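Those protein sequence lines, which keep their order, are chains R and A.
Following my numbering, the numbering of the first sequence begins with 195 at its first residue and continues without gaps.
Following my numbering, the numbering of the second sequence begins with 0 at its first residue and continues without gaps.
Remarks on the structure that follows.
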Amino acid sequence: MRFDLRNNKDFLAGLLMLAIGGIGFYMALDYPFGTTQRMGPGYFPRVLAGTLMAFGLYVLVRGVRVMEKVKGVWGFKALAFISLSLVVFGWTMDRLGMIPALVAMFFVSAYAGHEFRWKEVVVLTAVMTLLSVGIFIYGLGLPYPLIVGVGGY
Amino acid sequence: MEMFNNLIYGFTVALTFQNLVYCFVGVFVGTLIGVLPGIGPLVTIAMLLPITFNLPPVAALIMLAGIYYGAQYGGSTTAILVNLPGETAAVVTCLDGYQMARQGRAGPALAIAAIGSFFAGCVGTLLIALFGPPLAEWALKFGAPEYFSLMLMGLVSAAVLAHGDMVKSLAMVVLGLLIGIVGTDVNSGMARYSFGIPELTDGIGFTVVAVGLFAVAEIVTNLESKERKEVFTSKIKNLMPTVADLKASFWPIVRGTGIGAFFGALPGTGPSISSFSTYMVEKKIAKDPSRFGKGAIEGVAGPEASNNAAAQTAFIPTLTLGIPGSATMALMLGALTIQGIAPGPQVMTSKPDLFWGLIASMWIGNALLVVMNLPLVGLWVQLLKIPYRWLFPSIIMFCAVGNYSLNNSPMDVYMCAILGVLGYTLAKLECEPAPLILGYVLGPLMEENLRRALLISRGDPTVFFTRPISLSFMLLTAFIAFIMIAPAIRKKKEEAYTSG
């Protein structure tokens, strides 16, 4: 238990900050630093990334010393399906149109829940798709094809 | 007298048919969505932001402000009826509001929350009209060093006073500033952190960050656990509070308004700290403190007035200085920027219709809340029964279509997914997203002012300490950071957030 860092709240937070700060600093090396009087585009990012790494190191060390665990469980499944539903929506929207994109999005995102009830998801998808077509296409006048290849597109 | 002329001018703007409709729609939709369990005001605003972008600036801001307090009030309704706080400020309302509901007094609790909020809202509106103009006039004298120091103060105090760990919150501010850098540097024209993706040279869209960090992260957090809450729906018969209730609530409402107005106006502090403090004060001065937590009406009236007062006065630094006090205000500021209005003291003089129209509409919005909510309580209660498995895909739908519509590009939707993963991870590791979004909004401005300040001073960093206004901001920043490091006070803050 003592050396289990995988669920150590502050250790992971610190690690994440160090990683983001590190990548940020590394990438900013490509941007001219300039001088304090004439700050280049790399000045502010490098200062910030450095600061983030410093905070990250502090939090990481504190995590190792305090050993506090992450509360609750990780909702990896929900996170995966919710993110996937957004990606699926974006991908389908460009290729097949708004209605297929919304249908795909609802079915994928519904898998993120605790239970998947076919009938409910079908009804919900139908109702919300109608609502969203009403609001976005007719209400706000956004120029998206409902289904690519149907109705003049 | 000028104040009244200005307010009257504001009412002429806000009372046009079109703006009145937007105000009403905003308050109604805000309450409607805010009431839904598991959807806080931040998520409500984040998901509805893209819809307002197609409106003219004044109408968009009026509608957003309506959504804001509609959502806040809706959140109180959920807190009282389901014991489910949508945001930290509503945690306090849960304590006694839910107990009142269990005793069959949900009606009076909801009514007193509405009345307290309305009173606080009126006072808040007057305070903005009173203090806004002189503050903006003063701020017009600010140069780059003053602005930089002021932003630093806002960000540090936001991180330090916010809920949660101080060091992590400061780190989140820095992370937010870094995310704000993504895009093309205005001075050199160089694309920074764009990873070779052309869409990213315009920066990461503001609603993308808001939706990813707040909506996606919150939905996933809600889906982690299977908790079911009992809803007290059948018992709402008597809506009107008794005379004794009103008497008991009067001073808590007044005190709450005062405390809330004070905290709301400070950059970096928002409704949550003010409602927590109000609750503590009421508990301290009550004759019988043991009633608190068991359905004391003062415990609903005070904090509700307080968070609404804070919600109003938070507009003071946002509109006059361009420094948002809370994550919600950061969203408002972002909306302003997207409408092509550079936030800052010049807004009041260059866009008087926007400033005064918005203020007048706040009052109208508050009045609408009272008029609308008491009769509609039955409808809100019905909404509470909607199962979450229907809600969350629908929220995702609004977020997805809304973000797609910004640039008609799927890239924004993909970025939402990526920031959602980041947002959820941060939430799990107890890194607060609110300081992050403040940093993100202020990032580009802060870099620009730092650059200008150092250019004027020929690279001499003491410029921040030799100019009196800038020096006072720096000293205040140091003071705020110092007192929070002091163990005794830090303990008090934790008490305020936990004991409640």
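Quick reminder that beta carbons are idealized off the backbone N, C-alpha and C, glycines included.
These numbers were taken from a predicted model, which means no experiment stands behind them.
CB of residue i within 8 Å of CB of residue j, strictly
i: alanine 88 of chain A; j: asparagine 365 of chain A; result: no
i: isoleucine 111 of chain A; j: serine 224 of chain A; result: no
i: leucine 54 of chain A; j: methionine 46 of chain A; result: no
i: valine 253 of chain R; j: aspartate 204 of chain R; result: yes
i: leucine 250 of chain R; j: leucine 177 of chain A; result: Checking the sequence shown, residue 250 of chain R turns out to be glycine, not leucine. No, the Cβ-Cβ distance between glycine 250 of chain R and leucine 177 of chain A is not below 8 Å.
i: isoleucine 127 of chain A; j: isoleucine 358 of chain A; result: yes
i: tyrosine 220 of chain R; j: glycine 234 of chain R; result: no
i: alanine 326 of chain A; j: leucine 437 of chain A; result: yes
i: serine 471 of chain A; j: valine 462 of chain A; result: no
i: alanine 480 of chain A; j: valine 155 of chain A; result: yes
i: methionine 414 of chain A; j: isoleucine 203 of chain A; result: yes
i: valine 317 of chain R; j: phenylalanine 300 of chain R; result: no
i: alanine 272 of chain R; j: threonine 286 of chain R; result: no
i: leucine 206 of chain R; j: leucine 428 of chain A; result: yes
i: threonine 323 of chain R; j: isoleucine 276 of chain R; result: no
i: phenylalanine 147 of chain A; j: leucine 449 of chain A; result: yes
i: alanine 501 of chain A; j: isoleucine 66 of chain A; result: Only positions 0 to 499 of chain A appear in the structure, and residue 501 of chain A is not among them; the question remains open.
i: alanine 309 of chain A; j: serine 273 of chain A; result: yes
i: serine 271 of chain A; j: cysteine 22 of chain A; result: no
Residue i to residue j span [Cα, whole Å]
i: alanine 264 of chain A; j: glycine 96 of chain A; result: 26 Å
i: glycine 328 of chain R; j: valine 26 of chain A; result: 21 Å
i: proline 432 of chain A; j: glycine 343 of chain R; result: 42 Å
i: alanine 100 of chain A; j: aspartate 352 of chain A; result: 42 Å
i: glutamine 17 of chain A; j: threonine 11 of chain A; result: 12 Å
i: methionine 410 of chain A; j: glutamate 198 of chain A; result: 7 Å
i: phenylalanine 118 of chain A; j: proline 240 of chain A; result: 16 Å
i: arginine 200 of chain R; j: methionine 261 of chain R; result: 11 Å
i: leucine 160 of chain A; j: phenylalanine 478 of chain A; result: 12 Å
i: serine 408 of chain A; j: glycine 179 of chain A; result: 20 Å
i: glycine 33 of chain A; j: proline 337 of chain R; result: 29 Å
i: valine 181 of chain A; j: proline 49 of chain A; result: 21 Å
i: leucine 60 of chain A; j: glutamate 447 of chain A; result: 26 Å
i: methionine 247 of chain R; j: glutamine 102 of chain A; result: 52 Å
i: tryptophan 137 of chain A; j: proline 323 of chain A; result: 17 Å
i: threonine 419 of chain A; j: glutamate 217 of chain A; result: Contrary to the premise, residue 419 of chain A reads as glycine rather than threonine in this sequence. Their Cα atoms are separated by approximately 9 Å.
i: valine 264 of chain R; j: leucine 425 of chain A; result: 11 Å
i: leucine 334 of chain R; j: valine 400 of chain A; result: 12 Å
i: leucine 444 of chain A; j: alanine 143 of chain A; result: 10 Å
i: asparagine 402 of chain A; j: phenylalanine 52 of chain A; result: 11 Å
i: glycine 307 of chain R; j: proline 133 of chain A; result: 52 Å
i: threonine 43 of chain A; j: glycine 458 of chain A; result: 44 Å
i: isoleucine 341 of chain R; j: phenylalanine 283 of chain R; result: 13 Å
i: alanine 64 of chain A; j: threonine 229 of chain R; result: 43 Å
i: threonine 465 of chain A; j: tyrosine 237 of chain R; result: 23 Å
i: alanine 320 of chain R; j: aspartate 198 of chain R; result: 47 Å
i: phenylalanine 168 of chain A; j: alanine 213 of chain R; result: Position check: residue 168 of chain A holds serine in this sequence, whereas phenylalanine was assumed. Taking the straight line joining both Cα atoms gives about 17 Å.
Exposure of residue i, with buried meaning 16 or more beta-carbon neighbours within 10 Å
i: glutamate 500 of chain A; result: This structure leaves residue 500 of chain A out entirely; chain A is present only between 0 and 499.
i: glycine 339 of chain A; result: exposed
i: tryptophan 355 of chain A; result: buried
i: valine 20 of chain A; result: exposed
i: alanine 503 of chain A; result: Limits of chain A in this structure are 0 at one end and 499 at the other, which puts residue 503 of chain A out of reach.
i: lysine 246 of chain A; result: exposed
i: valine 380 of chain A; result: buried
i: isoleucine 484 of chain A; result: exposed
i: leucine 441 of chain A; result: buried
i: glycine 188 of chain A; result: exposed
i: phenylalanine 291 of chain A; result: buried
i: methionine 2 of chain A; result: exposed
i: proline 316 of chain A; result: buried
i: phenylalanine 391 of chain A; result: buried
i: tyrosine 347 of chain R; result: Residue placement at tyrosine 347 of chain R is flagged as unreliable, the pLDDT there being 49, under the threshold of 50; a coordinate-derived value is accordingly withheld.
i: leucine 6 of chain A; result: buried
Closer than 8 Å to chain B by CB, residue i
i: proline 239 of chain R; result: The structure shown contains no chain B; the protein chains it does contain are R and A.
Supposed close pair residue i, residue j - CB separation, criterion 8 Å
i: threonine 92 of chain A; j: leucine 83 of chain A; result: Their Cβ separation, rounded to whole angstroms, is 11 Å, which puts threonine 92 of chain A and leucine 83 of chain A out of contact at 8 Å.
i: valine 173 of chain A; j: threonine 245 of chain R; result: 5 Å
i: glutamine 98 of chain A; j: lysine 293 of chain A; result: 5 Å
i: methionine 165 of chain A; j: leucine 435 of chain A; result: Incorrect: roughly 14 Å between the Cβ atoms, too far for contact.
i: tyrosine 278 of chain A; j: glycine 298 of chain A; result: 6 Å
Alpha helix (DSSP H) runs contained entirely in the stretch 340-420 of chain A, provided each spans 4 or more residues = Counting only runs of 4 or more, we get 345-349, 351-383, 387-406.
Run through the stretch 153-188 of chain A for me and flag every whole alpha helix (DSSP H) of 4 or more residues, listed as ranges in chain order.
-> Unbroken alpha helix (DSSP H) stretches of 4 residues or longer found wholly inside the stretch 153-188 of chain A: 165-180, given in chain order.
In chain order, which continuous runs of the alpha helix (DSSP H) of length 4 or greater are located wholly inside the stretch 255-290 of chain R?
-> Every unbroken stretch of the alpha helix (DSSP H) spanning 4 or more residues and falling wholly within the stretch 255-290 of chain R is given here in chain order: 270-290.
Could you tell me which uninterrupted alpha helix (DSSP H) segments, each at least 4 residues in length, are contained entirely in the stretch 102-153 of chain A, listed from first to last along the chain?
-> Taking only runs of at least 4 residues, the alpha helix (DSSP H) segments lying wholly in the stretch 102-153 of chain A are 105-138.
Pick out the complete alpha helix (DSSP H) segments inside the stretch 14-90 of chain A, 4 residues or longer, and give them in chain order.
-> As far as the stretch 14-90 of chain A is concerned, its whole alpha helix (DSSP H) runs of at least 4 residues are 16-34, 40-51, 56-81.
Can you list the beta strand (DSSP E) stretches of 3 or more residues lying completely in the stretch 238-288 of chain A, in chain order?
-> Entirely contained in the stretch 238-288 of chain A, not one beta strand (DSSP E) run reaches 3 residues.
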